[in-house]
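Asker: This is the structure, below, for whatever I ask next.
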Amino acid sequence: MSADIDTLSDFSSGNDGARRFARWLAGFALHGGSILAFAALLIFFSITAPFFFTLGNIGNVLGQSAILGVLAIGLTIVIIGGGANVVKGGIDLSLAANLGLSAAVYATLVSTGHGDGVAIAGALLTGGLIGLVNAIAIVIFGIVPLLATLAVMNVVAGLELVLTQNTVVSAASDFLSVLSNYGPFDIPVLAYVLIIFTIIAAGIVQYTPLGLRLYAVGAFPEAARAAGLPVKRIVASSYIASGLCGGLSGILSVSYLSGSTTGAGEMLLPVVVTALLSVVFSRRLVPTIGGTLLSTLLVGFLTNGFQLLNISSTLVSGIQGILILLVVAATSLQRGKGVA
Amino acid sequence: MSVFANPDRRLFTPQFIGQVLLRYAVIAALAGVFAFFSFATTTFLTSANLTSILVNNFTLLAIVAVAMTFAVSAGGIDLSVGTSVDFASFAFVSLVLAGYPVGLAILAALVSGALVGLFNALLISGVGITPFLATLGTLFIGRSSQQLLTNGGNPVYLPQTGISPLFLFIGHGHILGIPVPLIIVGLLIVITSIVLLRTRFGRAILAIGVQQSVARYSGLRVPGHIGLVYVISGFIAAIAGIILTSTVSVYIPNSGGAFMLNAIGATFIGTTLSREGRPNIPGTMLGVLLLSIVANGLLLTGLSFYWQQVGTGLLIFIVLAASFLNRRGRGD
């Protein structure tokens, strides 16, 4: 609705070559540049930090990125199905709290003597239920996603505190030690989990009719409804899928930290950044699962490279901030929009 | 839908009462919560406690929520309000510690908050980044720079003695028996309500918030107005930073972020009060009051701190669900 008005204004304000040049430059920088920048970053760290470009280190980065990656993929699914408008479109702020509660449920079940099967089911059920509550709030009650998931985030974070009394519940089991160990080629099992999960998610979202419908609903809900798509059901399932990603990341986090964590809420902003950055790695500037994997790795390699170079970790958050701004500035210049 | 279409000609049918409750979900929730805590605890309904709610729970959140209301009124959001609070607090403490007069320190604090807003304004109006992402970026950069400024996040304490009485007066003083922070909030509410409702600038902001493209075609300078909104938002949040600092005499890096989510919650709870679902200062204040009463009341019931968070979250959820259900029922 506002999109065609914006196009109109593009014609009316198509006054100078400078703006067109800026758009071309931004487009070039985004399409080729993001991959080039990623490559340049890898080369820079390889030269400056001797251990950086070793199979072991890359495997470690992949393993450390698994939790962030799974969460970011969940958020990407919601953003695809809800549209890019962050306030009115799709967003799931409850993901980090979801990770915390699912991890707490898993750790509590294991530490009270339940088997891995029960604990896995418990964690996934927790994540799925949180997703279901989000879906009901958004689709049935009609609450704006930003607010609905904000409220759910508070409740979930509170429930986690109630369950763990704000302590770390440690957990050990056979399944957990398999997950936290090293697999073939001395690469952490978590790295394999991330790659396999990405392939499955990308397969569903990028290559099935269901995925196509998800994009259709996110891009233009009215058109999707007119075309006979069950818009509500698809949006609802995107939140349930995201909740399940939260549950899965909870399991991964228990294996990575040998227990539950009290600081899960800190993950929220990195997850949002990672999912939003994914658009840069796609040619049409839309969120994709593969793009999310790349942006997860970008954030992971940045953090890791800084650690190897002994640069203070306090800088990482600032650099993430600058990164978002650069990317989004380039994106909005490329799209030629004014104040959005 | 309306009362007059009621075939029974009876006013208080269950449906009608239901509609009224939904329409005024916030007020109903406020009354319900107030009544509940008055009966559930012996300490809630005392003048000392009610004053404490206003001074300890209400003030700071109210100020930050007013800042947020400006950004949301213009159709945006300001995730970096906490950054403005922190930067103002840091500037205030640093200057007071270095021996500058308190008046100058206050001025510096307000300017610091407004500068954070100016940074947002440049990103949003200048570069064209959406407010959510621009202020998210500012939040991240602010977090890092505070850690750099404080050697990795060490609090900056003021000495217990030798501080100017004016400094303590802002946080602890009384005028005619009314705590100074409350007077500041009261003035702020009045001024910002007048600015939003009765001035050309305020109406322009509300128009931009409703339909930006229409505002642009009616000849409003949209980027300039929007930019100014974020500077104002940063400036107002800085007031909270000043009061916070003079109350506790310490600057704790990245502590302002705690207000952000509650301010968003209060602002959007407040939108339910308006027929069109628009943000408004009185609604926001009711939202802040609701959150403050719940926080205080749950504390008095002796419920564990952890259950308090669950309770607050559930209550916000229910209020939002009720008001959005109602809006949907009216076909908006």
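Listed in order, the protein sequences are those of chains A and B. For the first sequence, counting from 1, position 224 maps to 224 in my numbering; every step adds exactly one. Just so we're on the same page, my numbering is the position in the second sequence counted from 1, plus 1000. Where is the CB? At the ideal position from N, CA and C, for every residue including glycine.
(1) What residues in its chain sit with their C-beta under 7 Å from that of Leu1104(B), if we drop five residues either side in the sequence?
(2) Put Ser170(A) into one of helix, strand or coil per three-state DSSP.
(3) Can you give the Cα-Cα distance for Phe1305(B) and Ser255(A), rounded to whole angstroms?
(4) For Asn166(A), return the contacting residues in chain B, with the cut-off set at a CB-CB distance below 8 Å.
(5) Would Ala72(A) pass as a contact of Ala241(A) if the rule is Cβ separation under 7 Å?
(6) With 16 other CB atoms within 10 Å as the buried threshold, where does Gln1160(B) fall?
(7) If the criterion is Cβ atoms closer than 7 Å, does the pair Gly1270(B) and Gly1283(B) meet it?
(8) Which residues in chain A have a C-beta closer than 9 Å to the C-beta of Val1250(B)? List them in chain order.
(9) Quick one: Cα of Ala1062(B) to Cα of Met1285(B), how far?
(10) Can you tell me whether DSSP reads Lys337(A) as helix, strand or coil?
(11) What did DSSP end up calling Val1250(B) once you bin it into helix, strand or coil?
(12) Who pairs with Pro1131(B) in a beta bridge, going by DSSP?
(13) If the cut is a Cβ gap below 7 Å, which residues of chain B does Phe141(A) touch?
(14) Using DSSP bridges, identify the partner residues of Val1156(B).
(15) Whose Cβ in chain A lies nearer than 8 Å to the Cβ of Arg1143(B)?
(16) Hey, Ser1084(B) and Val1127(B): beta-carbon distance below 7 Å or not?
(17) Straight-line CA distance for Asn1280(B) to Ala137(A)?
(18) Quick one: which chain A residues come within Cβ less than 7 Å of Gln1309(B)?
(19) If you follow the alpha helix (DSSP H) that Ala72(A) is part of, which residue opens it and which one closes it?
(20) How do the segment 151-160 of chain A and the segment 278-292 of chain A stand: do at least 3 beta-carbon pairs fall below 8 Å, yes or no?
(21) With 7 Å as the C-beta to C-beta threshold (strictly closer), list the residues of the segment 1257-1268 of chain B near chain A in chain order.
(22) So if DSSP puts Gly259(A) in a beta bridge, which residue, or which two residues, is it bridged to?
(23) When the distance is taken between beta carbons, is Ile204(A) closer than 7 Å to Gly211(A)?
(24) Is DSSP giving His114(A) helix, strand or coil here?
(25) Determine, for Leu309(A), whether the minimum Cβ-Cβ distance to residues of chain B falls below 7 Å.
(26) Roughly how many angstroms separate the alpha carbons of Ile120(A) and Ile251(A), rounded to a whole number?
(27) If we ignore side chains and look at the alpha-carbon of each, how far apart do Val272(A) and Phe1140(B) end up?
(28) If you draw a straight line from the alpha carbon of Leu293(A) to that of Phe1167(B), how long is it in whole angstroms?
(29) Mapping DSSP to helix, strand and coil, what is Pro188(A)?
(30) Should Leu132(A) be flagged as near chain C, meaning a C-beta pair shorter than 7 Å?
(31) Quick one: what does DSSP say Ser2(A) is sitting in, helix, strand or coil?
(32) Does the beta carbon of Leu277(A) come closer than 7 Å to any beta carbon on chain B?
(33) If you compare alpha carbons, which of Ser1246(B), Leu1315(B), Leu1030(B), Phe1324(B) is closest to Pro1165(B)?
(34) Using three-state DSSP, classify Ile1184(B) as helix, strand or coil.
(35) Over the uninterrupted alpha helix (DSSP H) stretch that includes Gly1171(B), give me the two end residues.
Answerer: Reading from the atomic positions:
(1) Leu1095
(2) strand
(3) 28 Å
(4) Tyr1306
(5) no
(6) exposed
(7) yes
(8) Simply none; closest approach about 20 Å.
(9) 6 Å
(10) With a pLDDT of only 44 at Lys337(A), under 50, the local geometry of the prediction cannot be trusted, and the value read off the model is given with reservation. Coil, per DSSP.
(11) strand
(12) According to DSSP, which records beta bridges pairwise, Pro1131(B) is partnered with nothing at all.
(13) Ala1321, Phe1324, Leu1325
(14) Tyr1251(B)
(15) Ser317, Gly318, Gly321
(16) no
(17) 24 Å
(18) Asn154, Ala157, Gly158, Leu161
(19) 55-82
(20) no
(21) Leu1261, Ile1264, Gly1265, Phe1268
(22) Ser170(A)
(23) yes
(24) coil
(25) no
(26) 7 Å
(27) 12 Å
(28) 51 Å
(29) strand
(30) Absent from the structure: chain C. Protein chains present are A and B.
(31) Per-residue confidence for Ser2(A) stands at a pLDDT of 39, beneath the threshold of 50, marking its modelled position as unreliable; the derived number appears in the next sentence. In the structure shown, Ser2(A) sits in a helix (DSSP, three-state: H, G or I).
(32) no
(33) Ser1246(B)
(34) helix
(35) 1165-1172
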